[in-house]
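My numbering applies: residue 29 is where the sequence shown begins, and numbers increase by one.
Beta carbons: idealized from backbone N, C-alpha and C, even for Gly.
Just so we're clear, the structure is a prediction, and the values are computed from it rather than from any experiment.
Okay, so here's the structure we're looking at.
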Amino acid sequence: MTKPVFERDPSDPDRQKINPLMKLALELGPLVVFFFGNSRGEWLAGHFPALADIGGPIFIATALFMAATVVALAVSWAMTRTLPVMPLVSGVVVVVFGGLTLWLQDELFIKLKPTIINTLFGVLLLSGLLFFRKSLLRYVFDSAFNIDEEGWNKLTLRWGVYFLAMAVVNEIVWRNFSTDFWVAFKVWGFTPLAIIFTMSQMPLIARHSLEETEGR
């Protein structure tokens with residue numbers, strides 16, 4: 029039987045799982061590279077002439093971001109022999125909009141990427157829950173949380189709304205602040221907000237924990 033290219037359903041016992049810390053590193057690594065590329069773009073251009081041909085710091089950062097995203101997906105594939113669905117979708121958008129950014133030398137496209145990604149994820153999560161009664165969030169957090177179906181549904185609803193809110197925040201930031209501020213906020217703003225939001229969901233996760241339920 030041909031092995032699936034995409035990650036298996038969370039309920040599939042044959043699904044290969046990545047250590048949560050490694051998974052976090054693969055997701056945050058490209059963002060750190062993006063921030064470094066923008067903040068040290070002139071230094072990189074001076075030491076690597078090929079990068080100077082790409083353009084200013086934001087364009088160098090975009091190129092490195094694209095490369096780091098592809099590398100993260102390749103590492104994930106090497107470890108599990110499957111591709112994670114949500115990071116893959118995000119990676120495709122990064123490559124497409126990053127490519128447009130470099131080709132047209134217009135930073136607008138890379139700034140729109142978080143808006144599009146967050147809107148897409150928000151719509152997918154809410155649509156999967158409302159129309160198909162399926163929690164797509166389990167593909168992201170199944171290795172971290174062991175909760176019942178009701179818990180997954182509530183968590184999916186909250187994350188869907190959160191993603192849509194982050195799309196609005198991105199629009200506000202890039203339209204009203206400098207590129208450097210937007211890049212810094214993309215790494216040091218969105219990431220802490222995601223961590224804070226995740227931590228705020230812990231009471232819900234605790235209430236619906238299967239271990240807690242089974243222990244009663």
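Quiz item: Are the CB atoms of valine 201 and phenylalanine 191 nearer to each other than 9 angstroms?
Solution: No. Outside cutoff.
Quiz item: For leucine 111, which of helix, strand or coil comes out of DSSP?
Solution: Strand at leucine 111.
Quiz item: Helix, strand or coil for isoleucine 82 per DSSP?
Solution: Here isoleucine 82 sits in coil by DSSP.
Exercise. Spatial neighbours of glycine 243 within its chain, please: CB distance less than 8 angstroms, with the 5 preceding and 5 following residues excluded, ordered by chain position.
Key: Unreliable positioning characterises glycine 243 in this predicted model, as indicated by a pLDDT of 47, which lies under 50. The coordinate reading is nonetheless provided below. No residues qualify anywhere along the chain.
Exercise. For the alpha helix (DSSP H) holding histidine 75, just list the boundary residues, first then last.
Key: For histidine 75, the enclosing alpha helix (DSSP H) covers residues 69-75.
Quiz item: Are threonine 184 and leucine 157 close, meaning C-beta to C-beta below 9 angstroms?
Solution: It is a contact, given that the beta carbons lie within the stated cut-off.
Quiz item: For the alpha helix (DSSP H) that isoleucine 145 lies in, which residues bound it at each end?
Solution: Residues 136-160.
Quiz item: Is the Cβ-Cβ distance between valine 189 and glycine 217 less than 9 angstroms?
Solution: No, the Cβ-Cβ distance between valine 189 and glycine 217 is not below 9 angstroms.
Quiz prompt | With 16 other Cβ atoms within 10 Å as the buried cut-off, status of histidine 236 | solution = By the 10 Å Cβ count, histidine 236 comes out buried.
Practice problem: For the alpha helix (DSSP H) holding asparagine 204, just list the boundary residues, first then last. | Solution: For asparagine 204, the enclosing alpha helix (DSSP H) has its first and last residue at 177-204.
Practice problem: Tell me, to the nearest whole angstrom, how far the beta carbon of alanine 89 is from that of glycine 65; I am working on the premise that it is less than 8 angstroms. | Solution: Sure, about 3 angstroms apart at Cβ, within 8 angstroms.
Exercise. Could you check the C-alpha separation between phenylalanine 87 and proline 115 for me, to the nearest Å?
Key: Computed Cα separation, rounded: 22 angstroms.
Quiz item: Which residue comes first and which comes last in the alpha helix (DSSP H) that contains leucine 221?
Solution: Segment 218-228, the alpha helix (DSSP H) holding leucine 221.
Quiz item: Quick one: what does DSSP say serine 163 is sitting in, helix, strand or coil?
Solution: Note: serine 163 maps to coil in three-state DSSP.
Quiz prompt | Neighbourhood of serine 118 by C-beta distance below 6 angstroms, restricted to the same chain and skipping five residues each side | solution = Taking C-beta separations shorter than 6 angstroms and ignoring five residues to either side along the sequence, the partners of serine 118 in its chain run Ile145, following chain order.
Self-check item: Min CB distance leucine 92 to chain C below 9 angstroms
Solution: Considering every chain present, this structure includes no chain C. It has just one protein chain.
Exercise. Just confirm the distance between the C-beta atoms of alanine 91 and leucine 54, as a whole number of angstroms; I'd bet it's less than 8 angstroms.
Key: Going by Cβ atoms, the distance from alanine 91 to leucine 54 rounds to 19 angstroms, so no, they are not a contact pair.
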